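Engineer: First the structure, then my questions, so here it is.
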Amino acid sequence: MKAFSNFHPLVLFFYFISVLLLTMFTLHPVLLFFSLLGAVLFASMLETPRAVLVSLGFYVPMFLLIAVTNPLFSHNGVTPLFFMNDNPVTLEAILYGAAAAGMVISVMYWCRCYNTVVTSDKFLYLFGKLIPKLSLILSMALRFVPLFKAQVKKISRIQKTMGLYSSESKVDRLRGGFRVFSAIVTWSLENAVDTAASMRARGYGLPGRSNYSIYRFTPRDGAALGILAVLLGGSLWGMKTKVLEFSYYPRVAALSLTPVVLAGYAVVSALMFLPFLIEVKENLVWNYFRSKI
Amino acid sequence: MELFSIKDLSFTYPDEAQKVLNSVNLTVSEGEFMVVCGPSGCGKTTLLRLLKRELSPHGKREGEIRYLGTLQEELDDRVSAGEIGFVMQNPENQVVTDKVWHELAFGLENLGLPNGEIRRRVGEMASFFGINRWFDRKTSELSGGQKQLLNLASVMVMQPRVLILDEPTSQLDPVGAAEFITTLHKLNRDLGLTILLVEHRLEEVFAIADKAVVMDRGRVLFNDTPRTVGGLLRDCPEKGRMLLGMPSAVRIFSGLNATGACPLTVKEGRLFLKAHASNQACRRIEDGELKPLGKELPAVQTKELWFRYERNLPDVLKGLYLTVEQGEIFAVLGENGSGKSTMLRAISGQNAAYRGKVELFGKKLQSYKGTELYRHNVAFLPQDPQSVFLKPTVKQDFQEICSAMGYEKQEAEGVVARLAEQLEISALLDRHPYDLSGGEQQRAALCKVLLLRPRLLLLDEPTKGIDAYAKNTLEQILKELQQQGITTIMVTHDVEFAASCADRCAMLFHGEIMDAERPREFFSTNTFYTTAASRISRTLYENTVTVEDVVELCSRNGGLQ
Amino acid sequence: MKKDLLALGFVLLIVAVLLSGTKFQTVEEYYLTHIDDITPESETVTVSIECSNILKNWDDLDPSLQSEEFVPSDGVILPPTEYVLRPGDTVFDILERAVRYNKIQMEYQGADQNIYKSVYIQGIHYLYEFSCGPLSGWMYRVNGEFPLYGCSRYELKDGDVIEWVYTCDLGRDVGNDWKEEAGS
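Protein chains in written order, with UniProt numbering: chain W, 1 to 293; chain L, 1 to 561; chain H, 1 to 184.
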């Protein structure tokens, strides 16, 4: 189930940019918590929960590493825990480090989701409108790269079965690699001749080329974009007016829970959990319909 | 209505004296399915390319080509691009973009159609060709057959009036090829689309075509219905050469010098034999004795071979047992994905099996050190012979091997000259490997690996992409090599080739080798996985599997009545 | 692969920390310092730390610092106090001893970490550079003059009077008309 991915690329792109911006420009623990949780939950819908668990094995140590590094360089804070080389290691600095680590990891998880959701053709669609020629070239390049890789692999393997370029000496291998490479270049050119012919045969070069895309901007996309804009605006307003600000130095601020702040949290969490909620809703609807059959 | 009319068309490539096309006259009518055949170099590809203005080769052209009455030079660009569709030989190189949907839309984008219309046409074509299942995929993930279907669909989406195809199935496996031909037939039958097809695998195509054009040396020899052409070929002075690649029924008809209507399909062939060769006094052809087996150490012996590519992928080889005696030509047949190529790689040391053992000439594979295995022992000819060459000329590629093998300069020249002579490539030594035709490329590649002086030759799909004539040459070469004591193992889809070339055949299925048999035994007991000649003659004779078998047995029984 | 690299990074970090002769002290140990007793023979200097400028620019001050805890109501963090001058003492040495003795928080950038080859005082008593506007930071005066170079390169002599002052306007509000920030 990838309900969220079905939105128009513009919506998706706008969403990821908003979330990344918000995440990168805040160190507010509540905001970061929402962001991280939203990203992890969404990732576990996109991939298998197992894959996300496995990835935690990478991100948790990374989190610790960043969190521990900060106090080595920052000595501000009213609560020194101990002194290292005559410099205080403070509780505040550790908490600040933890927040920064949370930020980095949220960003990484969001990027992970971005990679699955905004595929190369969606990206090309968005930016190809600006430069149509470039988008075609990119598309052709994207076709060619896997082909090229496969050919390199094939040729090197075949050369090995002829007992060539497989000796232990580095020079020999390097030379072999170079020869394979030059052969591949010829092969690519040869390939390109056919591809060019195939393009010509299908009318490439005729004036008035249009640019097709499989994406359609539906009213649903419009509504989504509107909602996103409102949520982003709200969050930015909250950050700008310091409603959603938080300071670590010299003393960790208390979390204020005034109605305005709570409203701010609500807006940010709505934004961060949106994709996850859409996926969950779609799953429920699906199960509901299935049970009806 | 005449779609194409070609008058006195001649063509000469630059720097060449001989005309590739010599006053060709041809008309193609609307709705016709025309198949163009003939031996390599007869000019059929050039003819086809000249019909599509955008692909016309450079050179000197005489005569005229009209499309719907308009001279080709005066055709509107959009008409020329859109109404005349062209599909080329190599499925890979024709793909332009990275996504299937984009590829389908590419031609329509070029024509400048609005988004809505592109969407409708792309959707329609995708569902007609059954592409909707892989509509969102990357083009690089498709199989060869899928790629070629995609190429066809992305031409069809432009709604051409005529479709020109240049050996579209030569790079495909039999299943993909059959599917492709079926699709073409459907397009012709259901949409009335005009089709002009060059093919060398004619077994299925010949019967569904309306017209067969046979070309030789730049001229049109015959241009008539396939049945008539089949009859005419019987009396052709060079019929041995011209008949190669023709359907088995036609070849049997011609081989027996029969009269009457020429059969085209297996069914017709069987009825024809029933009616005209009812004498069954002799029903078997006895196989000659194989060299006594088991006296020498086997060339290859594998025991309990297990292999998989990744730890969490399924096994490809599942306890494979295989014994190939020295001096044999051994063919392994099997469907796509049955593990044929994997098996060859395991034998040639490219894939290491995780269980079981491989012995070559009685010695364990692992105990061949360094490059010892690949010099004087095993040579491997890959499916795609192009990947064997790295140098700008064939000769330089050969020289590299010679110096790697440590031949003296004079010795090297002698060896190369002798092998080139044997493989009929002496004239090609100074050419760029990529400029050779499929068959030539393959022989040159074979020559390169033979310079390694192997005792065991491994061939992966040796008949892929080569025409019937080149196949014939290859068979002779393999038999000559056999005389020199070289053992050959090939994996192939090509039942006809295996039937006439191999000493023993075996089927690879489910990661295991089923029992190996002599070809006559093997193919006459198979029902589907067998040659057309066997299917034609099986009710009449017991073990005839090639056209030659059928003709011989029929003659022994007194010929046709 | 990624995990291995990360683990390696971790281990390297720990090893680097340990090998660089790291000294760990508890908070009590650190502040348990002795100050030399002043005898009639000893040479002395006087040092003071004040931030009264902030009081005049209260609105520019970081909100999290807007409290009497961090900015005393009279702006005095350390009233003028006399300390024994050891031979070769620089302004920085005296400052470090003073804040340590008085348990005043202080953070600095080591002389090896900047281009001036001198210690740079980033913050005292949680008041950092830029804490009170973009032109704010710590500066020092010796006998009423703003030296032109870093505090760890200024060697003191008997009777010098050192004043650490917090500027909110690149020194102009504390009587230094030069463009440079002389506290560094």
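Yeah, the Cβ is synthetic: ideal placement off N, Cα and C, and Gly gets one too.
Only a predicted model underlies this, so the values are computations on that prediction, with no experimental measurement involved.
For the ligand NAD, I want to know if L:R49 counts as a neighbour, meaning its beta carbon is within less than 6 Å of at least one of the ligand's heavy atoms.
Structural biologist: Ligands displayed in this structure: none; no statement on the ligand NAD is therefore possible.
Engineer: For a contact meaning CB atoms closer than 9 Å, what does W:I131 contact in chain L?
Structural biologist: Within chain L, no residue comes near W:I131; the closest Cβ sits about 15 Å away, beyond 9 Å.
Engineer: Would H:Y30 pass as an interface residue toward chain W - the criterion being a Cβ-Cβ separation below 7 Å?
Structural biologist: yes
Engineer: Taking CB distances under 7 Å as the criterion, tell me whether H:Y92 reaches chain W.
Structural biologist: One detail in the question is off: residue 92 of chain H reads as Phe in this sequence, not Tyr. Judged by the 7 Å Cβ criterion, H:F92 is not in contact with chain W.
Engineer: Pick helix, strand or coil for L:N188, following the three-state DSSP scheme.
Structural biologist: helix
Engineer: Determine the extent of the alpha helix (DSSP H) in which W:P146 is found, giving its start and end residues.
Structural biologist: P132 to T161
Engineer: According to DSSP, simplified to helix, strand and coil, what is L:C505?
Structural biologist: strand
Engineer: Return helix, strand or coil for W:M84, following the three-state DSSP convention.
Structural biologist: Strand, per DSSP.
Engineer: Is L:M158 helix, strand or coil by DSSP?
Structural biologist: Coil, per DSSP.
Engineer: Determine the extent of the beta strand (DSSP E) in which W:Y212 is found, giving its start and end residues.
Structural biologist: Taken as a continuous stretch (DSSP letters only), W:Y212 belongs to no beta strand (DSSP E), as it is neither H nor E.
Engineer: For L:F86, list the residues DSSP reports as bridge partners.
Structural biologist: Under DSSP, L:F86 shares a beta bridge with L:I164.
Engineer: Given a cut-off of 7 Å, decide if H:C151 and H:Y166 are closer than it, judged by their beta-carbon atoms.
Structural biologist: Between H:Y166 and H:C151, the gap from beta carbon to beta carbon reaches 7 Å or more.
Engineer: Below 8 Å between beta carbons is the criterion; list the residues of the stretch 79 to 95 of chain W that meet it against any residue of chain H, in chain order.
Structural biologist: Within the stretch 79 to 95 of chain W, the qualifying residues are P80, L81, F82, F83, M84, N85, D86, N87 and P88.
Engineer: Does L:P39 come out as helix, strand or coil in the three-state DSSP assignment?
Structural biologist: coil
Engineer: Provide the residue span of the alpha helix (DSSP H) that contains W:K129, from first to last.
Structural biologist: Membership of W:K129 in any alpha helix (DSSP H) is not indicated, and neither H nor E is assigned to it by DSSP.
Engineer: Quick check on L:K448: buried or exposed, where buried means 16 or more other Cβ atoms within 10 Å of its Cβ?
Structural biologist: Here L:K448 is buried, its C-beta having at least 16 other C-beta atoms within 10 Å.
Engineer: Of the residues that make up the stretch 246 to 260 of chain W, which ones have a beta carbon closer than 8 Å to any beta carbon in chain H?
Structural biologist: S247, Y249, P250, R251 and A253
Engineer: Measuring CA to CA, which of L:Y469, L:Q482, L:V495 and L:L297 is closest to L:E238?
Structural biologist: For L:E238, the nearest C-alpha among the options comes from L:Y469.
Engineer: Name, in chain order, the residues that DSSP records as bridge partners for H:Q109.
Structural biologist: Bridge pairing for H:Q109: H:Y120 [DSSP].
Engineer: Using a 10 Å radius around the Cβ and a threshold of 16 neighbouring Cβ atoms, would you call W:C111 buried or exposed?
Structural biologist: exposed
Engineer: For L:L233 versus L:L243, is the C-beta distance shorter than 7 Å?
Structural biologist: yes
Engineer: Do you know offhand how far L:L139's Cα is from L:T259's?
Structural biologist: Position check: residue 139 of chain L holds Thr in this sequence, whereas Leu was assumed. Each residue's Cα considered, the two are about 50 Å apart.
Engineer: Please tell me whether W:R200 has its Cβ less than 7 Å away from any Cβ of chain L.
Structural biologist: yes
Engineer: Can you give me the C-alpha to C-alpha distance between H:K56 and H:K103, rounded to a whole angstrom?
Structural biologist: 26 Å
Engineer: Please confirm if L:E134 has its CB atom under 7 Å from at least one CB of chain W.
Structural biologist: Checking the sequence, you will find Trp at residue 134 of chain L rather than Glu. Chain W contact via Cβ: absent.
Engineer: Per DSSP, what kind of secondary structure is L:Y368 in: helix, strand or coil?
Structural biologist: coil
Engineer: When you check each C-beta in the stretch 68 to 81 of chain L against every C-beta of chain W, which residues fall closer than 9 Å?
Structural biologist: Hits within the stretch, in order: D77, R78, S80 and A81.
Engineer: If contact is defined by three or more beta carbon pairs under 8 Å, each pair taking one atom from either stretch, is the stretch 145 to 158 of chain L in contact with the stretch 238 to 253 of chain W?
Structural biologist: no
Engineer: For L:L55, collect the residues of the same chain with a Cβ closer than 8 Å to its Cβ; drop the 5 residues on either side in sequence, then sort them by chain order.
Structural biologist: R49 and F86
Engineer: For H:E129, which residues of its own chain have a beta-carbon under 8 Å away from its beta-carbon, when the five flanking residues on both sides are left out?
Structural biologist: Q122, G123, S136, G137 and W138
Engineer: Report, in whole angstroms, the separation of the C-beta atoms of residue 568 of chain L and W:I158, which I expect to be a contact under 8 Å.
Structural biologist: Nothing can be reported for residue 568 of chain L, as the shown portion of chain L is limited to 1 through 561.
Engineer: Tell me the DSSP secondary structure of L:K340 in three-state form.
Structural biologist: helix
Engineer: Give the DSSP bridge partners of W:Y265, in chain order.
Structural biologist: The partner list for W:Y265 (beta bridge, DSSP) is empty, contrary to what the question assumes.
Engineer: Any Cβ of chain W within less than 7 Å of the Cβ of L:Y368?
Structural biologist: no
Engineer: Tell me whether W:F25 is buried or exposed, calling it buried when 16 or more other Cβ atoms sit within 10 Å of its Cβ.
Structural biologist: exposed
Engineer: Between H:D60 and H:E107, what straight-line distance do the alpha-carbon atoms span, to the nearest angstrom?
Structural biologist: The alpha-carbon of H:D60 is positioned some 21 Å away from that of H:E107.
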